[in-house]
Amino acid sequence: MITEPHRLTRHCEVTAILVLYGLPRLLTGSILAHEMMHAWLRLKGYPNLSPEVEEGICQVLAHMWLESELYSGSANGGASSSSSAPPSSPTASSKKGKRSDFEKKFGEFFKHQIESDTSSAYGDGFRLGNQAVLKYGLKRTLDHILMTGSFPV
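Start counting the sequence shown at 1; every next residue gets the next number (UniProt numbering).
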């Protein structure tokens with residue numbers, strides 16, 4: 001019998017993302033952003049990442065989504081702050097209307113939960129990933145993760 005080395009390749013297919021029904025809109029959106037990042041990493045062929053790197057970058061995306069929801073167009077009371085759109089034109093942020101103070105506080109609470117998480121995978125991973133994204137941008141951080149399996153320093 002002749003044997004030779006054979007490299008196994010793992011093919012991962014994402015077929016669904018499940019989210020509980022009835023959660024608040026901002027929590028649902030942040031969960032979807034987090035889970036969609038997991039799916040994207042699989043579909044783009046990222047190697048087996050440590051929990052800190054994978055959960056960290058997924059938390060970064062959840063946090064970014066929350067920030068985009070809370071601060072998009074907030075400068076002029078919910079209308080778009082885009083200079084290319086006339087003040088009367090409907091935009092993605094103005095279609096939702098002005099966010100209530102309750103919703104803003106709820107969103108800030110969810111952001112704070114991500115920022116202050118004490119677990120190594122979710123909390124420390126988020127802080128390392130967020131620091132990398134703030135310093136290098138999302139694309140360069142993701143490129144570095146693909147090449148090295150770790151966050152850039």
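Beta carbons are placed, not taken as given, at the ideal position from N, Cα and C, and that holds for glycine. Every value quoted in this text rests on a predicted model; they were computed, and no experiment measured them.
Its chain contains Lys111 as the residues whose beta carbon lies nearer than 8 Å to that of Glu67, once the 5 sequence neighbours on both sides are disregarded; these appear in chain order. Beyond the five residues adjoining it in sequence on each side, Ser150 comes within less than 7 Å, by CB distance, of Val53 in the same chain, given in chain order.
Cβ neighbours of Met37 within its own chain (closer than 7 Å, five residues either side excluded): Ile57, Cys58 and Leu61. Per DSSP, reduced to three states, the secondary structure at Tyr46 is coil, with no helix or strand assignment.
Here the alpha carbon of Trp65 sits roughly 7 Å from the alpha carbon of Gly29. Taking the CA atoms as reference points, Lys104 sits about 57 Å from Pro5. Going by DSSP, Thr148 is part of the alpha helix (DSSP H) stretching over Leu138 to Thr148. Straight across, the Cα-Cα distance linking Lys135 with Leu49 is about 21 Å.
Secondary structure at Pro51: helix, using DSSP grouped into helix, strand and coil.
With a threshold of 16 other beta carbon atoms within 10 Å, Tyr122 meets it and is buried. Rounded to the nearest angstrom, the gap between the Cα atoms of Asp143 and Pro47 is 12 Å. CA-CA distance, Glu55 to Ile2, rounds to 42 Å.
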